[in-house]
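A.B. asks: According to our numbering, the stretch in the sequence shown is residues 421 to 607, in order.
We treat Cβ as the ideally placed atom computed from N, Cα and C, and that holds for glycine.
Here the structure is a predicted model, which is why all the values come from computation and not from measurement.
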Amino acid sequence: MVKKNTCVFISGKGSNLKNLIKRSRDYNFPINVKFVISDNINAYGLKYAKQNSIPFLIINTKKRNYENKIINKLNKYHISLVCLAGYMKIISKKFLIKFRKKIINIHPSLLPKFKGLNTYSRVLKFKEKKTGCTVHYVNEKLDSGNVIIKKTFFINLHDDEISLKKRTQSLEYFAFPEAIIKIYSNN
Ligand code: GRF
């Protein structure tokens with residue numbers, strides 16, 4: 421099986437990156453994490469790139485040419501899939517055009533509900549009965565591209581933001597790999 425070269429974008433903890441690297445070791449998993457990009461020099465998740473000898477780039481999104489730097493690296497490593505895993509910056513139009521239909525994101529709610537930030541507190545505030553996570557294609561609008569996969573769980577009376585985050589993220593570790601398998605089983 422020829423695995424697709426993949427780049428994961430992070431900003432922080434990188435637990436989804438860690439999980440994707442782990443899954444990539446499976447012979448049958450359709451991707452290999454070949455490159456990591458972080459917009460945060462202190463992102464904890466960079467540790468996983470280093471531990472696994474995966475090359476990475478730290479970008480400064482305030483600099484004018486930062487997108488060209490990204491595009492050059494993605495070309496250099498023949499990247500055909502970009503996974504946004506807790507990447508906190510908006511993806512520009514220029515980049516979207518170049519990688520259309522090849523960028524996916526994981527969001528900690530059942531989209532189209534609760535796009536954007538602070539999802540857990542809003543889920544609780546609106547007294548939702550269930551929540552979960554969504555993997556979707558990235559387009560020009562925030563958290564709005566076509567959905568690839570959603571995973572759901574029921575909220576308990578005693579759930580708070582901390583437990584919701586924990587429960588959501590434990591589903592994310594299944595959702596992201598399953599979404600990737602789904603993408604490549606259709607191709
Ligand atoms: C995830 O919960 C994801 O849904 C959201 O950001 C979080 C990133 O977590 N977009 P991590 O950096 O992968 O641990």
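Within the continuous alpha helix (DSSP H) that includes I603, where are the two ends?
C.D. replies: Residue mapping note: residue 603 aligns to position 183 of the sequence shown, counting from 1. Start and end: E581 to S605.
A.B. asks: Could you tell me the alpha carbon to alpha carbon distance between F449 and D459, rounded to whole angstroms?
C.D. replies: Residue numbering aside, residue 449 sits at position 29 when the sequence shown is read from its first letter. Residue numbering aside, residue 459 sits at position 39 when the sequence shown is read from its first letter. F449 and D459: Cα-Cα distance of roughly 27 Å.
A.B. asks: Can you tell me whether F455 is buried or exposed? The criterion is at least 16 other CB atoms within 10 Å of its CB, across all chains shown.
C.D. replies: Position 35 of the sequence shown, counted from the first residue, corresponds to residue 455. Under this definition F455 is a buried residue.
A.B. asks: Check for me: the alpha helix (DSSP H) holding S458 runs from which residue to which?
C.D. replies: Translated into the one-based positions of the sequence shown, residue 458 becomes position 38. Careful: S458 lies outside any alpha helix (DSSP H), inside the beta strand (DSSP E) at I451 to S458.
A.B. asks: Per DSSP, V555 forms a beta bridge with which residues?
C.D. replies: On the sequence shown, position 135 is the one that residue 555 refers to. I526 and I569, per the DSSP bridge assignment.
A.B. asks: Should S435 be listed as close to the ligand MG, given that the test is whether its C-beta is under 7 Å from any heavy atom?
C.D. replies: What this structure holds is the ligand GRF, not the ligand MG.
A.B. asks: With a 10 Å radius around its C-beta and 16 neighbouring C-beta atoms as the bar for buried, classify G552 as buried or exposed.
C.D. replies: As a working note, residue 552 is residue 132 in the sequence shown. The residue in question, G552, is buried, as its Cβ has 16 or more Cβ neighbours within 10 Å.
A.B. asks: Is there at least one non-hydrogen atom of the ligand GRF closer than 7 Å to the beta-carbon of Q589?
C.D. replies: Within the sequence shown, residue 589 is the residue found at index 169, counting from 1. True, at least one ligand heavy atom lies under 7 Å from that Cβ.
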